[in-house]
Amino acid sequence: MKKSITSIMVAAAMAFSLTACGGGASDAPSGEKSNTAVGESGDVKAQGKYTLNIGSAMSATNPSSIALQSFKEAVEERTNGELVVNIYTDSALGGEADLLEQVTSGTVEGMMQMGAANWEPYNSEVNVALLPFLFTSLDSAREAWAGEFGQEFCEKLLEPTGVTILSVWEAGYRHMTNNIRPINEPGDLAGIKFRTNENSMKVKMYEAVNGSAVIMAFSDVYTGLQNKTIDGQENPLANIYTSSLQDVQKYLSLTGHMYDAAPLAVNTAWFQSLPEEYQTILKEEAENARAIDLQENDESIYLNLLKEAGMEVNDVDKEAFQEAMQSVWEEFASQYDDGQYWIDLATSFNK
7 MKKSITSIMV
17 AAAMAFSLTA
27 CGGGASDAPS
37 GEKSNTAVGE
47 SGDVKAQGKY
57 TLNIGSAMSA
67 TNPSSIALQS
77 FKEAVEERTN
87 GELVVNIYTD
97 SALGGEADLL
107 EQVTSGTVEG
117 MMQMGAANWE
127 PYNSEVNVAL
137 LPFLFTSLDS
147 AREAWAGEFG
157 QEFCEKLLEP
167 TGVTILSVWE
177 AGYRHMTNNI
187 RPINEPGDLA
197 GIKFRTNENS
207 MKVKMYEAVN
217 GSAVIMAFSD
227 VYTGLQNKTI
237 DGQENPLANI
247 YTSSLQDVQK
257 YLSLTGHMYD
267 AAPLAVNTAW
277 FQSLPEEYQT
287 ILKEEAENAR
297 AIDLQENDES
307 IYLNLLKEAG
317 MEVNDVDKEA
327 FQEAMQSVWE
337 EFASQYDDGQ
347 YWIDLATSFN
357 K
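Numbering (my numbering), first residue to last: 7 to 357.
Following this line, the structure appears as structure tokens:
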């Protein structure tokens, strides 16, 4: 896939800023070369032989960002500062689509993707990850992604795009918010303009319940809600709160319609250029940080915070939603040779 103009400009700006602050460091995947690490505030850090720049669309207070900071500290300590990790949150290197282009092409070394199905432009079969109501519980979803389902998903669908998945973290269950009315049953979505990212599974979900989907980058959602370009959106509770969407949304409906896994990915060519010892360290510390991400991503905490912020919260008729989504499941199963295989493998973890 060709890199977008936005992607190229963001990468060029990042390279310029690092050069200006650090005296000539390159941010393209590299072998054994000296790089200057620059923190989020622009302060110059210690130099190392290798640099891992990680981009994320999430805020610095998101659970994934907290876990990334722990990952950074552990990696730098275990490599004695020879492998420096720089974290760029709040879409500083571009949105998730931009990051995918940059990391798969090698312009940026790493990314935290808040959805495994973001790889749809490369292989639409990844949309099995977003089949509505695929998992029956949070524990089932976590075990599936940590087990055979997650391993095969990464090896067969994600890594052929030129990335290595260090670990699969969690964005969590997605819920709907809006400013029009509480969502209790599928018919309540009618006439509400919901934002979604450029993913066909989410569009089909809205179509199945006669909803209206507006494609929009996550970085534009707050403004879009503020100026009423959109009426609502859907995201995990942690994303909603740490992005301050409670300031521009009134109703929170606990649909739990999709579970989002969050792959921590690096460019494969860059990864393979590292000493084998450092490759092992990256994978081990990514798994250690996953435990922190899951711990921080406690729905009950963020639900209370959203209630305290004044959001009106309601449960939904999940059976009615599940019934409405049967056509989406059937379409996926028939669309791909392995469609039913992926569904069966994922649901085998349901208890």
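All C-beta atoms in this analysis are idealised placements derived from N, C-alpha and C, irrespective of residue type, glycine included.
If you compare the alpha carbons of Phe141, Thr95, Thr110 with that of Ala73, the shortest gap goes to Thr95. Of the residues Glu213, Trp151, Ser333, Pro127, the one whose Cα lies closest to the Cα of Ala177 is Trp151. In this structure, Val174 keeps its C-beta atom at 7 Å or more from the C-beta atom of Trp348. Sixteen is the threshold: when 16 or more other Cβ atoms of the shown chains lie within 10 Å of the Cβ of Ala103, as they do, the residue is buried. Residue Asn203 holds the alpha-carbon nearest to the alpha-carbon of Met222 among Asn203, Lys55, Gly345.
Residue nearest to Glu83 within the set Gly54, Ala66, Thr67 is Gly54 (criterion: CA-CA distance).
Shown here for Tyr342: same chain residues with a beta carbon closer than 7 Å to its own, the five before and five after excluded, namely Glu131 in chain order. Cβ contact annotation for Ala147 (same chain, cutoff 7 Å, sequence separation greater than five): Phe141, Tyr265, in chain order. With three or more CB-CB distances shorter than 8 Å, the region 183–203 counts as touching the region 246–258. Beta-bridge annotation (DSSP): Met118 is paired with Ser62, Leu270. Glu305 is the residue among Glu318, Val209, Glu305 whose C-alpha sits nearest the C-alpha of Ser143. In terms of Cβ geometry, Ala267 and Ala122 form a close pair [threshold 7 Å]. Each of Leu105, Ile189, Val81, Leu106 was checked against the Cα of Val319, and the nearest Cα belongs to Ile189.
DSSP lists Pro242, Met264 as the bridge partner or partners of Arg180. The DSSP assignment places 89–94, 116–118 as complete runs of the beta strand (DSSP E) inside the region 64–134, in order along the chain (cut-off: 3 residues). Distance between Ala63 and Val227, taken at the CA atoms: about 12 Å.
Residue Gly153 holds the alpha-carbon nearest to the alpha-carbon of Glu293 among Gly153, Asn129, Leu351.
Sequence-distant partners of Leu311 (beyond 5 residues in either direction) whose C-beta falls short of 6 Å from its own C-beta, in its chain, are Tyr247.
Along the region 148–222, the beta strand (DSSP E) occurs as fully enclosed runs of 3 or more residues at 169–184, 199–202, 218–221, listed in sequence order.
In the DSSP annotation of this structure, the continuous segment of the alpha helix (DSSP H) that includes Val334 starts and ends at 332–341.
Per DSSP, the continuous alpha helix (DSSP H) segment holding Val227 begins and ends at 227–232. Boundaries for Asp321: no alpha helix (DSSP H) harbours it, while the beta strand (DSSP E) harbouring it runs 318–321, taken from the DSSP string. If you check the CB distance, Leu105 and Met117 come in under 7 Å. Comparing alpha-carbon positions, the option among Met211, Ala214, Glu191 lying closest to Lys324 turns out to be Glu191. In this chain, the alpha helix (DSSP H) harbouring Ser306 covers 305–314.
Around the CB of Glu161, fewer than 16 other CB atoms lie within 10 Å, so the residue is classed as exposed. Contact between Thr57 and Asn92 is confirmed by a C-beta separation of about 7 Å, below the 8 Å threshold.
With three or more CB-CB distances shorter than 8 Å, the region 200–215 counts as touching the region 237–244. Boundaries of the alpha helix (DSSP H) harbouring Lys289: 282–302, taken from the DSSP string. For Asp350, the enclosing alpha helix (DSSP H) covers residues 345–353. A Cβ-Cβ distance of about 4 Å is found for the pair Gly345 and Ala339, placing them in contact under the 8 Å criterion. DSSP, read as helix, strand or coil, puts Ser146 in helix. Remark: C-beta atoms of Val215 and Leu195 approach each other more closely than 7 Å. Ile171 is positioned such that its CB atom lies closer than 7 Å to that of Ala271.
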